[in-house]
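Residue numbers for the sequence shown follow the numbering used here, so the first one is 786 and each next one is one higher.
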Amino acid sequence: MCDAYFAYSMPWYPGGDLTTVLRGHHPMDTATILVCMTEVAFAVEYLHERCLVHLDIKLENVFLDGAGHAHLGDLGLLQHVTTESRTLLARDLGGTYDYLGPERFQAGPLDRCDVYALGVMCWVLVSKDETGVNVDYQSRMRAATGLRMSLRKVSLVVVAIAVEAEVVVAVVAAAVVVVIVVIVVVVVVVVVVVVVVVVVVVVVVVAVVVVKVVVVVVCTSNNNILLLFM
């Protein structure tokens, strides 16, 4: 501490920040992005467990070391959040516009701002779109023609960058409904298969019994045996 100002130092990260990587000749593949974002998420979780909110999570503030591991830096906007201040209106706390979550304007939980920013970062890395994600995230999704991810991964990003809380609830509710429908369909199919198997077995058993109880009338005519099945 010097003259009432705090200062902190950071190690040198030879891999540069994620913006440099995004603009480079060898952008990260989906698997590498997943590992990178997981490491950043762990860093954010570490802060949140200590009632700290970063408030400026973006590509320029994530650095890669020589082994390719991600490190979250630039703690200049770090805020300590208590139970009373968790819903502090934070529009004047600074940050980068494309990464600002709706909570920054709606007096929502400040720690959710970091979650929103993580979703934006993931989307930018996957779509290779440096302009970020604006509030109209659906059009941004359609614009990312090069995106090739599973529906589950895309859904996770959409939930993280949802503009309204109702959107998150709707997405989760829809996912639950889909899961329930799939389970019901599977159960119905299994029941139908079991019924069909039982019917086939019954038919075969009945046929065998009928054959065994058939009255065989042996008629001898011209040394030929005629079997009559009744």
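No residue lacks a Cβ here, since even glycine has one placed at the ideal position from N, Cα and C.
Since this is a predicted model, take the numbers as computed values, not measurements.
- Distance from the CA of residue 962 to the CA of residue 833, rounded to the nearest whole angstrom, comes to 31 Å.
- Assigned with DSSP and collapsed to three states, residue 914 falls in coil, not helix or strand.
- Secondary structure note for residue 826: its alpha helix (DSSP H) is the uninterrupted segment 815–834.
- The DSSP-derived three-state label of residue 855 is strand.
- In the same chain as residue 865, and ignoring 5 residues on each side of it, the C-beta atoms closer than 7 Å to its own belong to 836, 837, in chain order.
- If you look at residue 849, you'll find it in the beta strand (DSSP E) that goes 847–849.
- Within the DSSP secondary-structure output, residue 838 pairs in a beta bridge with 864.
- In the same chain as residue 829, and ignoring 5 residues on each side of it, the C-beta atoms closer than 6 Å to its own belong to 899, in chain order.
- A straight line joining the alpha-carbon of residue 970 with that of residue 984 spans about 21 Å.
- When Cβ pairs closer than 8 Å are counted between the two stretches, the region 840–847 is seen not to touch the region 792–799, the count staying below three.
- Residue 808 counts as exposed, since fewer than 16 other beta carbons sit within 10 angstroms of its beta carbon.
- Taking all protein chains shown into account, residue 965 has fewer than 16 neighbouring C-beta atoms within 10 Å of its C-beta and is therefore exposed.
- The C-beta of residue 902 has 16 or more other C-beta atoms within 10 Å across all chains shown, which makes the residue buried.
- Within a 10 Å sphere around the beta-carbon of residue 968 sit fewer than 16 other beta-carbons, which makes this residue exposed.
- As computed with DSSP, residue 899 is found in no beta bridge at all.
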